[in-house]
Amino acid sequence: MSSAGRLVAINIPVGDHVTGKLGGLTFNLDTIWTTGAACVIVVGMGLYLARKATTGVPGRLQLFWEGVVGWISDQVAQSLGPKYRHVVPLAVSLFMLILVANWLEILPGLFHNTDYSPAPTADVNLTYALGALVFVLTNAAGIRARGIGGYLKHLTRKPRVMTPLHILEELAKPLTLALRLFGNMFSGGIMIALLISFPLQFAPASLIFSPLWKLFDMFIGVIQAFIFALLTILYYQFAIEEEH
Amino acid sequence: MEVASSNFLVPNGTFIVELAAFLIVLLILRRYVLPPISKIIDERQATIRQALADADEAKQRAADAEEEYKRIVSEARQQARSVVEEANRQAEQARADRREQAEAEYQRIVSSAYADIEAQSRRARQELREQAAEMAIAVAEKVIGQGLDRQAQSALIDRTIAEVAGSQDGTPELAGSQAGASQTAGETA
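Chains as they are written, first to last, in our numbering: chain A, 1 to 244; chain B, 1 to 189.
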């Protein structure tokens with residue numbers, strides 16, 4: 001009872017960020033740093049690979065990138081066709097950046113005020129930004145494919161009474177995209193914080209479960225990056241496909 | 001720098017930074033990273049396709065060569081068989097020719113020998129006839145020239161025969177040729 005009471009009493013910071021203010025706007029500096037780290041890793045890997053890549057026997061890194069690029073290229077070719085090859089870089093960038101950002105969570109806290117290092121994807125600012133970008137790009141593609149009239153006609157397609165729901169659906173797409181990723185990574189971070197915060201007598205359990213959870217969290221990180229990239233392609237497909 | 005607690009579902013200025021950061025990553029990947037990777041993937045696929053096509057072609061070529069080889073061997077076998085048959089036929093022909101020639105030679109020798117014998121015997125008969133006539137004339141002369149009595153006649157004939165025989169002895173070249181002819185005929189027979 002006493003240990004349970006202590007567990008409850010642990011102060012787990014939720015939504016706490018190291019912030020700075022500039023021109024009336026608040027910036028989550030920890031999120032920005034970790035995002036920067038993820039960007040540097042992704043771009044660094046990419047540029048390194050672009051120079052070292054060989055048509056011969058590929059290394060592990062090249063194999064991984066080729067796998068991602070190949071999978072996304074196939075997906076785009078199947079779902080969207082050759083006209084939409086420019087979606088491939090978008091989906092690859094989304095996958096890579098989200099994956100690396102998710103995996104940053106397993107590092108001990110470097111830029112944060114707590115003992116765990118939240119992934120930048122556990123901040124809605126990143127996921128909203130990516131969701132909004134996907135929303136803008138897919139709707140732009142829809143307008144380009146159907147024309148502005150066709151786009152509006154698709155939104156207000158019969159039965160007319162469903163029009164508000166169609167609009168809501170469009171708005172829900174980026175929101176769910178953003179919140180799914182955020183929720184998964186955020187809760188993963190809270191789990192790590194909880195495991196670390198076990199009282200001393202539970203230290204062995206913490207030692208066992210902490211790495212196990214981090215491994216599982218890495219797996220979740222892959223899944224979430226995969227889902228985000230795949231759904232982006234699918235939203236493109238919904239936006240451009242012909243009326244049935 | 002401060003630690004601020006706020007509603008964590010509400011975005012703030014970080015949103016702009018995140019968007020910009022992602023756009024930078026997107027631009028760099030699109031411009032500098034993905035083209036070489038895509039190119040390499042395409043090249044490798046082309047290489048693999050080429051290798052597979054080459055393998056197929058090589059297999060086809062091998063099958064063709066095998067076919068050609070079989071064809072040539074069977075042709076050669078056919079040719080060899082026909083060569084052997086031709087040789088056998090020619091040998092048979094030559095043997096038959098030779099036998100025919102030998103037969104003809106044999107026939108020629110035998111018939112020339114027969115002709116020789118025939119000629120000799122004709123000549124012998126001719127000579128015999130001539131001598132018999134001479135003898136008869138000589139006998140007739142003697143008979144007419146002397147008076148004829150039985151004893152005289154008989155003696156005369158004997159004498160005449162003896163004379164003829166003696167005159168025959170006086171022509172040895174004829175007797176020699178006769179003996180030679182009979183000897184040749186005997187050998188041929």
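For each residue, glycine too, the CB sits at the ideal point set by N, CA and C.
Item                                                                                                                  : Value
DSSP three-state assignment for Thr34/A, whether helix, strand or coil                                                : helix
Buried/exposed call for Gly23/A, threshold 16 Cβ in 10 Å                                                              : exposed
Contact with chain A by Arg44/B, beta-carbon distance below 8 Å                                                       : yes
Supposed contact pair Ala239/A and Ala145/A - C-beta distance, whole angstroms, cut 8 Å                               : 7 Å
C-beta neighbour in chain B for Ser2/A, strict 8 Å                                                                    : A caution first: Ser2/A carries a pLDDT of 43, below 50, which makes its placement in the model unreliable, though a value can still be read off. Judged by the 8 Å Cβ criterion, Ser2/A is not in contact with chain B.
Between the CA atoms of Asn139/A and Val87/A - distance to the nearest angstrom                                       : 13 Å
CB of Leu104/A within 8 Å of CB of Ala38/A, strictly                                                                  : yes
Contiguous alpha helix (DSSP H) assignments of at least 4 residues, all confined to the stretch 125 to 210 of chain A : 163 to 196
Element boundaries [beta strand (DSSP E), containing Val18/A]                                                         : 16 to 22
Interface positions of the stretch 149 to 172 of chain A facing chain B (Cβ-Cβ less than 7 Å), listed along the chain : none
Range of the contiguous beta strand (DSSP E) that encloses Leu80/A                                                    : Neither: Leu80/A is in no beta strand (DSSP E) and is coded neither H nor E.
Reduced DSSP category for Ser2/A - H, G, I as helix; E, B as strand; rest coil                                        : Here Ser2/A scores only 43 on pLDDT, less than 50, and its place in the model is too uncertain to base an answer on.
C-alpha distance - Asp54/B paired with Ala46/B, whole-angstrom precision                                              : 12 Å
Inter-residue Cα distance where the pair is Ile69/B and Gln60/B                                                       : What sits at residue 69/B in the sequence shown is Tyr, not Ile. Cα-Cα distance, rounded: 14 Å.
Residues bridged to Thr121/A [DSSP beta-bridge criterion]                                                             : Thr121/A is not bridged to any residue.
Which listed residue (Phe202/A, Asn125/A, Leu137/A) has its alpha carbon closest to that of Asn7/B                    : Asn125/A
Reference Pro89/A; option with closest CA among Asn102/A, Ile148/A, Asp74/A                                           : Asp74/A
Interface partners of Ala27/A on chain B, CB under 9 Å                                                                : It is Phe, not Ala, that sits at residue 27/A in the sequence shown. Here the neighbours are Asn12, Gly13, Thr14, Ile16, Val17.
Bridge partners - Phe27/A, DSSP secondary structure assignment                                                        : Gly20/A
Buried or exposed (CB count within 10 angstroms, at least 16 for buried), His17/A                                     : buried
Any chain B beta carbon closer than 8 Å to Pro118/A                                                                   : no
Minimum Cβ-Cβ distance from Asn184/A to chain B less than 8 Å                                                         : no
Per-residue burial, Thr247/A [other beta carbons within 10 Å of its own, 16 or more giving buried]                    : Here chain A covers residues 1 to 244 and nothing more, so residue 247/A does not appear.
Supposed contact pair Leu181/A and Thr127/A - C-beta distance, whole angstroms, cut 8 Å                               : 5 Å
Three-state secondary structure (DSSP) of Asn12/B                                                                     : coil
Alpha helix (DSSP H) segment containing Leu29/B, residue limits                                                       : It is not in any alpha helix (DSSP H) - Leu29/B carries neither H nor E in the DSSP assignment.
Per-residue burial, Lys173/A [other beta carbons within 10 Å of its own, 16 or more giving buried]                    : buried
Proximal residues, the stretch 45 to 77 of chain B versus chain A, C-beta separation under 8 Å                        : Thr47
Gly44/A (DSSP reduced to helix, strand or coil)                                                                       : helix
Residue nearest to Val136/A in terms of C-alpha spacing, selected from Leu19/B, Gln50/B, Asn12/B                      : Leu19/B
Reduced DSSP secondary structure (H/G/I, E/B, other) of Asn102/A                                                      : helix
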